[in-house]
Structure formats: structure tokens, C-alpha cells
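Taking it in order: structure first as C-alpha cells, then the write-up.
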Amino acid sequence: MAQVNQQDFISTFPNRRRPITVCLECYRRKLKCNRVKPCIQCCTRKAPETCYFADDVSSSQSTPTPQTRVDRLEAYSDIDTASQIPIAQGLVERAGYSATSASSTYLRLNDESVQRHHQSITRLTPMDLQGFHDEYRHLVSKLPQPTIVHALIDCFLTEIFWASVPIDEYRLRTLYNDWLNVPLEEHLKDKSDHSRSELLYLPALLFQVLANVMLHLTPQHGPARNLGLKDNYDCARLSKTFSLFGNRLMFILGRQRPTLCSVEHDLVACSWLKDSGRGKEAWHSLANAVR
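The sequence shown runs contiguously to residue 289 in our numbering.
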């Protein structure tokens, strides 16, 4: 009878986008489930026989017999709910809530993401690595001259975000000067230095800053004339191009180990998307920055 009720519960959500990976009782009661069968919540309530998962319900179409329920109750009768429930390998280690406060899934996943970031470039084949370097050089070469970039940064800080600036002016200018003083090949070397990672992501942030400026810039402005822009359409077109370049750089660099420049990139990109009338995409960009 319990499983029939769970089947009815599943059938009421035929078009769910996300599968239910927790115990159905915990899902119904809105409790924190550790995704072990029987879960810690069902054991605490002394009702382990009610612990069902969506996979169990979909794989079994027949109602369990009374003898099956008795066997299950006997199997779970010796469970000590006050003791620690051992966490199984697999999904429970990778997501969800820990059964005890002594373990931390977040810390382990954070360590794994750092290791994956250090190994991401070294795992590439020489041909793929060369392609990554070539595309990075090609995108970075699209940045305007330093004098124009400095003028556009001034416009970004004084005319567009004069009330609340999403990035630090002194830090941005210092990073840009450091980036100009270091050869491009040095940025592409596989090193775990945090400052080098910041400089590697800096062009993506600069592209989004320039995209925001060009979106609000008039052709009569000095940098616009230096870039050869004749009308507002040219400004809007170049703004979109700069934004696409920044997004492409973030895509090839990845977000496995975010830096402050990558977070600021998503914040500035969120502002550009909002001002461009793309509110839903702006929320996604803001979510990337928060994560």
C-alpha cells in the first residue's frame, strides 16, 4: 500500500525537469535526506519501510506482498538510529547532506575542483593545447590600443557606474598595467600562481567593461572617433562583439577555479545583458558570479 501511494505521488509530476534523487518521504515532508536507503530521517522516525526512492518505484510495478514487508521490517529491526549511519560510496559522497556534522562534502568538492583546474590544461593533447593558445591569442588581439582602453575605463567609471562600481578601479588599472608588462606567452604557461590566473582572465573582464561602455557611448565621444565609429548602430554592434569575445574567453578558460576577475566578468556581463533587454540571461550571469 505504501508503494502504491508513492507511485501515485510520482505520477502527479509527469513533466518534472529535475529527477527526485532524495527519499520520497523526505521530499514530501521537505526534510534533509542523506540519500541512503533507509535514509537517516526515516530511521529516526522508526519507519524505514517507508523509505522509497523514485528509481525503486519506477523499476518495480508490483505491490510488495505482506511477507516481503515482514522481511524488510526484520532486516531493519536491528538498526540503531542513535548511531552514525554509514554513508555509501557514489552519489551520497558527491551531493546532498552529510549524515553527521563531522564530514563536509563542500570541502571535498572544493579540493577536487582545485585539482581538476591544475590538471585541466596538462590533460590536453599538444594539438588541443596549441589550439587553445591560438584562440586565446586571437581573441586578446581584438582588444583596442592601451590608450583607448584607458580612456574607455575612465568613461566606464565616471559616466556609467559613477554611483556604484562593480569592480575596483585601482585594482583594475594595476592589473591591466601588469598585464601589458608581461609577454603574452608568460600568461599561457601552466602555473598555479594565483596572480598569473588573474592576469589570464583579465582580458575577458576588459571585454565586458568595453562592451558596457560602447553600449552607452555616443559617436561624438573621443574614443568612439578613434575606433572609427560613425553612428549609434556601430557602437551597439561593437558592444555586442566585445561581449561575445569576453564570453568566449570565459568559455575556453573555464570556471573550474574562479578568480576575482572571472567573478567580476560575470557581474559586468550581467549589467550589459540587463541594459540590452535580456533579463533572463542576466539572471544566469549573476548566478555564475554567485557560484
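Ideal placement from N, C-alpha and C gives every residue a C-beta, glycine not left out.
Coil, strand or helix - residue i by DSSP
i, result
"residue 51", "coil"
"residue 259", "helix"
"residue 272", "helix"
"residue 139", "coil"
"residue 24", "helix"
"residue 239", "helix"
"residue 218", "coil"
"residue 147", "helix"
"residue 89", "Unreliable positioning characterises residue 89 in this predicted model, as indicated by a pLDDT of 43, which lies under 50. The coordinate reading is nonetheless provided below. Residue 89: helix per DSSP, three-state reduction."
"residue 46", "helix"
"residue 34", "coil"
"residue 127", "helix"
"residue 29", "coil"
"residue 74", "Here the model assigns residue 74 a pLDDT of 46, short of 50, so the residue's position is not dependable, and the following value carries that caveat. Looking at residue 74 - three-state DSSP - the assignment turns out to be helix."
"residue 104", "With a pLDDT of only 44 at residue 104, under 50, the local geometry of the prediction cannot be trusted, and the value read off the model is given with reservation. The answer is helix: DSSP assigns residue 104 an H, G or I state."
Endpoints, alpha helix (DSSP H) assigned at residue i
i, result
"residue 229", "It is not in any alpha helix (DSSP H) - residue 229 carries neither H nor E in the DSSP assignment."
"residue 252", "Taken as a continuous stretch (DSSP letters only), residue 252 belongs to no alpha helix (DSSP H), as it is neither H nor E."
"residue 280", "277 to 288"
"residue 38", "38 to 42"
Nearest residue (CA-CA) to residue i, options the options
i, options, result
"residue 181", "21, 285, 135 and 44", "135"
"residue 248", "31, 236 and 287", "287"
"residue 263", "199, 28, 139 and 17", "199"
"residue 149", "197, 164 and 224", "224"
"residue 146", "281, 241 and 212", "212"
"residue 143", "174, 275 and 250", "174"
"residue 158", "22, 280, 273 and 17", "273"
"residue 137", "156, 34, 33 and 245", "245"
"residue 129", "251, 269 and 278", "251"
"residue 54", "43, 41, 36 and 45", "36"
"residue 171", "254, 185, 201 and 183", "201"
"residue 132", "176, 156, 179 and 185", "185"
"residue 254", "236, 239 and 289", "289"
"residue 183", "231, 238 and 127", "127"
"residue 238", "281, 276 and 169", "276"
"residue 141", "194, 203 and 179", "203"
"residue 47", "21, 177 and 32", "21"
Sub-8 Å separation of residue i and residue j beta-carbons
i, j, result
"residue 205", "residue 243", "yes"
"residue 258", "residue 167", "no"
"residue 233", "residue 208", "no"
"residue 266", "residue 151", "no"
"residue 228", "residue 217", "yes"
"residue 283", "residue 271", "yes"
"residue 139", "residue 210", "no"
"residue 23", "residue 41", "no"
"residue 17", "residue 52", "yes"
May I have a chain-ordered list of the alpha helix (DSSP H) segments no shorter than 4 residues that lie completely inside the stretch 150 to 209? 167 to 179 and 182 to 185
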